[in-house]
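Chemist: Structure in structure tokens, see below.
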Amino acid sequence: MEEFVPSAAIAHFVMKVKDVESSYAFYQGLGLRGIDKFPEMAIIELRGGTHLLLAAKDDPMAGALHASRVGQRPDFISEKIDLMIAGHTRADLEKYRAELMANGYSPADIAEAPLYGHDYFSMLDPDGHGVSVYTSHCGDKPV
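In full-length UniProt numbering, the protein residues as written are 1 to 143.
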């Protein structure tokens with residue numbers, strides 16, 4: 001039986017940051033892949049190929065990125081991103097969280113009750129953006 005693979009994926013998610021360098025290091029420390037850095041923007045790759053574009057808040061060159069933000073509320077002063085680990089169990093999430101703590105991160109406790117079948121915890125990035133980390137629900141399906 002042929003596995004269905006979705007025809008599209010999220011390509012880019014733009015997050016405005018105060019300090020590109022510290023944000024780049026923060027997200028690499030979460031286990032995401034650093035792709036490239038420029039003076040006012042950096043690219044981080046997530047599992048599945050989605051790119052997180054870390055754009056300096058006051059960079060005029062980032063205007064081209066922000067010009068295409070149809071539907072984004074202009075009053076947002078911070079943003080939130082949800083990440084999903086490859087693991088499916090609470091034990092997998094506990095291991096990932098412990099690794100982050102050993103590397104100097106300060107995540108909140110894992111929530112007592114799952115949210116729609118996901119165990120999760122949250123924390124803040126250097127700019128105060130919310131970062132929540134969830135267990136996967138994809139089973140053995142390709143991603």
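All C-beta atoms in this analysis are idealised placements derived from N, C-alpha and C, irrespective of residue type, glycine included.
Computed from a predicted structure; not experimentally measured.
Does the structure place the region 89 to 100 close enough to the region 40 to 55 that three or more beta carbon pairs sit under 8 Å?
Modeler: The region 40 to 55 vs the region 89 to 100: no contact.
Chemist: Can you tell me which of L30, A9, F121, A25 puts its alpha carbon nearest to the alpha carbon of E112?
Modeler: Within the sequence shown, the letter at position 112 stands for residue 112. The shortest C-alpha separation from E112 is found at F121.
Chemist: For I85, count neighbouring C-beta atoms within 10 Å of its own C-beta (all shown protein chains included) and say buried if the count is 16 or more, exposed if not.
Modeler: Residue 85 sits at position 85 when you count from the first residue of the sequence shown. By the neighbour-count rule (16 or more Cβ atoms within 10 Å), I85 is buried.
Chemist: Can you give the Cα-Cα distance for Y9 and H118, rounded to whole angstroms?
Modeler: Within the sequence shown, residue 9 is the residue found at index 9, counting from 1. Within the sequence shown, residue 118 is the residue found at index 118, counting from 1. With the sequence shown as reference, residue 9 is identified as Ala, and Tyr is not the correct amino acid for it. If you take the alpha carbons of A9 and H118, they lie about 21 Å apart.
Chemist: Using the Cβ count rule (16 or more neighbours within 10 Å means buried), how would you classify F26?
Modeler: The sequence position of residue 26 within the sequence shown is 26, counting from 1. That one is buried.
Chemist: By DSSP's criteria, E45 is part of a beta bridge. Which residues make up the other side?
Modeler: Stepping through the sequence shown from its first residue, residue 45 is reached at position 45. Beta-bridge pairing links E45 to R33, H51.
Chemist: Drop a sphere of 10 angstroms on the beta-carbon of V133, count the other beta-carbons inside from all chains shown, and report buried for 16 or more, exposed for fewer.
Modeler: By 1-based counting over the sequence shown, the position of residue 133 is 133. Burial call: buried.
Chemist: Applying the criterion that 16 or more other CB atoms from any shown protein chain within 10 Å of the CB defines a buried residue, is P6 buried or exposed?
Modeler: Working through the sequence shown from its first residue, we reach residue 6 at position 6. Burial call: exposed.
Chemist: Quick check on the burial criterion: 16 or more other C-beta atoms within 10 angstroms. Buried or exposed for L52?
Modeler: Within the sequence shown, numbered from 1, the residue matching residue 52 stands at position 52. Label assigned to L52: buried.
Chemist: For P107, I'd like the list of residues in its chain whose CB is within less than 8 Å of its CB, leaving aside the five on either flank, ordered along the chain.
Modeler: Translated into the one-based positions of the sequence shown, residue 107 becomes position 107. These residues qualify, in order along the chain: R97, L100, M101, F121, S122, M123, V133.
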